[in-house]
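Right, one structure below, let's go through it.
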Amino acid sequence: MIARHRAKVAVLISGSGTNMAALLYASRIGMSGAGVPYDIVLVASNDSNAGGLALAEAEGIATFALSHKGMDRAAHDAAMDTAIRESGAEFVALAGYMRVLGEEMVARWEGRMLNIHPSLLPKYKGLDTHARALEAGDEVAGASVHLVTTELDGGEVLGRSEVAVVGGDTPETLALRVKMAEHQLYPRVLADYVSRPYDPEWLLKRVSELALALPEAEAATSHGSPGFKLSGKNGKFFAHFADRHHGAKQIALLAKTSGQDELADLVERDPEVFFRPAYYHATGWVGIALNRSDCDWDQVEHWLERSWRSVAPRRLTKLMGAAEEF
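Those letters in the sequence shown? Residues -21 to -1, 1 to 305, per mature numbering (1 follows the signal peptide of the UniProt record, and there is no 0), in order.
Shown next as structure tokens:
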């Protein structure tokens, strides 16, 4: 049986840390090997008096606190980033972190930083969400988990939970019920998201989107496994998708190299990413491991295009070259 990867997550808070606690206790349901696939490795705050820090310490979780007062935003972000990286975290979950992060910090964790927001995004970005929902006469309010981008509350929404608005609600009464919904939503969405890099179905979908965007590419099977080739009866394969074939630990993209010398150089230079796939390596194919939290999808796209170019007729490569000039 293949061991399930448990992602390491750092949680940033500014207050009581109730969403942090929800994430933490949900993670412990999965300690036996089933359930939630992440561990909280750090709780960090911009307020040394944040109540959630004491809770984390009591539960044996490493903590870090540094007030932002009197500090340049970039310097404070850098200190938080250092603490997160030293903890070994692969993902960051903002849970009531009441500090806007700078562009550099957001860029460092692009695609690996999540936040929970008390509205049904894209409605009511920013503050006073419950009052705004009531003023608008909404019948439902709720919470959303989204990826963090430089646009405030503007990243891809990964999940929502609706809460009914009832007669006589105030912003305070509505906030209490939305908070309960948040505690259910965040652990589930975080678990789903950190599982993506290790989910063969999601990885194949992502590879397929990139491969089929290439001119005259089509999906096909080779020896029972997914692959991609040029269209037509005699179209050659330029990529294969291998889900831990022949006992390998990698879920991988197989792409064509220029030959054995380049293959050997790639494997020697970065063995965590490149490997010799069974059987295919004899003809110069390289395996590119996809089941990694830090998978570089720009690199995957580069290898798909390069491999496609190696089998595409000149009329197609000339067309692509001309399109790239514009």
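We put the CB at the ideal spot given by N, CA and C, even for glycine.
Residue i versus residue j: straight-line alpha-carbon distance, rounded
i, j, result
"Met10", "Glu65", "The predicted position of Met10 is uncertain, since its pLDDT is 47 and thus under 50; a value taken from the coordinates is nonetheless stated next. So the alpha carbons of these two residues sit roughly 23 Å apart."
"Glu161", "Gly206", "40 Å"
"Ala227", "Ala198", "23 Å"
"Glu284", "Gly263", "16 Å"
"residue 332", "Pro150", "Nothing can be reported for residue 332, as the shown portion of the chain is limited to -21 through 305."
"Leu2", "Glu180", "25 Å"
"Gly138", "Lys297", "42 Å"
"Lys128", "Met50", "The sequence given here places Thr at residue 128; Lys does not occur at that position. If I take the Cα positions, the gap works out to 22 Å."
"Pro16", "Lys(-14)", "9 Å"
"Ser204", "Phe220", "7 Å"
"Ser6", "Pro166", "8 Å"
"Ser98", "Thr236", "49 Å"
"Val186", "Phe216", "14 Å"
"Trp282", "Ala234", "7 Å"
"Pro292", "Leu126", "40 Å"
"Gly(-7)", "Leu295", "57 Å"
"Arg52", "Tyr177", "34 Å"
"Phe254", "Asp107", "52 Å"
"His55", "Tyr76", "13 Å"
"Val119", "Gly238", "60 Å"
"Ser27", "Gly147", "37 Å"
"residue 319", "Ala33", "The requested residue 319 is not part of the displayed model; the chain covers only -21 to 305."
"Asp277", "Ile267", "12 Å"
"Val124", "Asp244", "42 Å"
"Met299", "Lys158", "51 Å"
"Lys184", "Thr152", "42 Å"
Buried or exposed by the 16-neighbour rule on C-beta atoms within 10 Å, applied to residue i
i, result
"Gly12", "Unreliable positioning characterises Gly12 in this predicted model, as indicated by a pLDDT of 46, which lies under 50. A coordinate reading is not provided."
"Trp287", "buried"
"Arg248", "exposed"
"residue 329", "Outside the displayed range of the chain (-21 to 305) lies residue 329, so it cannot be described from this structure."
"Tyr258", "exposed"
"Leu80", "buried"
"Pro250", "exposed"
"Glu89", "exposed"
"His225", "exposed"
"Ala261", "exposed"
"Ala115", "exposed"
Short Cβ contact (7 Å threshold) for residue i with residue j
i, j, result
"Met(-2)", "Ile(-9)", "yes"
"Ile230", "Leu269", "yes"
"Val265", "Leu242", "yes"
"Val(-11)", "Val20", "no"
"Leu131", "Lys102", "no"
"His47", "Arg78", "yes"
"Asp60", "Met92", "no"
"Val142", "Arg156", "yes"
"Ser201", "Leu164", "no"
"Ala154", "His109", "yes"
Of the listed residues the options, nearest to residue i (C-alpha basis)
i, options, result
"Thr42", "Ser201, Ala29, His96", "Ala29"
"Gly214", "Gly203, Phe220, Pro194, Arg223", "Pro194"
"Asp275", "Ala291, Ala261, Val252, Gly121", "Val252"
"Ala74", "Gly116, His55, Ala86, Ala122", "Ala122"
"Ile40", "His47, Ile63, Ser46", "Ile63"
"Asn25", "Leu45, Lys102, Asp222", "Leu45"
"Gly134", "Leu100, Gly238, Asp178", "Leu100"
"Ala218", "Leu209, Ala115, His225", "Leu209"
"Met290", "Val119, Gly211, Gly31, Glu36", "Inspection of the sequence shows that residue 290 is occupied by Val rather than by Met. For the residues Val119, Gly211, Gly31, Glu36, the minimum Cα distance to Val290 belongs to Gly211."
"Val145", "Asp117, Ala170, His224, Val124", "Asp117"
"Glu36", "Gly(-5), Lys158, Gly147", "Gly(-5)"
"Asp18", "His225, His(-17), Leu34, Gly90", "His(-17)"
"Asp273", "Ala196, Asp244, Val246, Val173", "Val173"
"Ala57", "Glu82, Leu182, Tyr4, Glu69", "Glu82"
"Asn94", "Asp277, His109, Val71", "Val71"
Short CB-CB distance (under 7 Å) between residue i and chain B
i, result
"His224", "No chain B appears in this structure, which consists of one protein chain only."
What beta strand (DSSP E) runs, 3 residues minimum, are completely inside the segment 234 to 294?
264 to 268
In the segment 10 to 34, which residue ranges form an unbroken beta strand (DSSP E) of at least 3 residues, counting only runs that do not cross its ends?
Listed in chain order, the complete beta strand (DSSP E) runs (minimum 3 residues) inside the segment 10 to 34 are 17 to 24.
Write down every uninterrupted run of the beta strand (DSSP E) in the segment 42 to 79 whose length is 3 residues or greater and which is fully enclosed by it, in chain order.
42 to 44, 70 to 73
Could you name each continuous alpha helix (DSSP H) segment of 4 residues or more that falls completely within the segment 148 to 213, going from the start of the chain to the end?
For the segment 148 to 213, whole alpha helix (DSSP H) runs of length 4 or above, ordered along the chain, are 150 to 174, 179 to 190.
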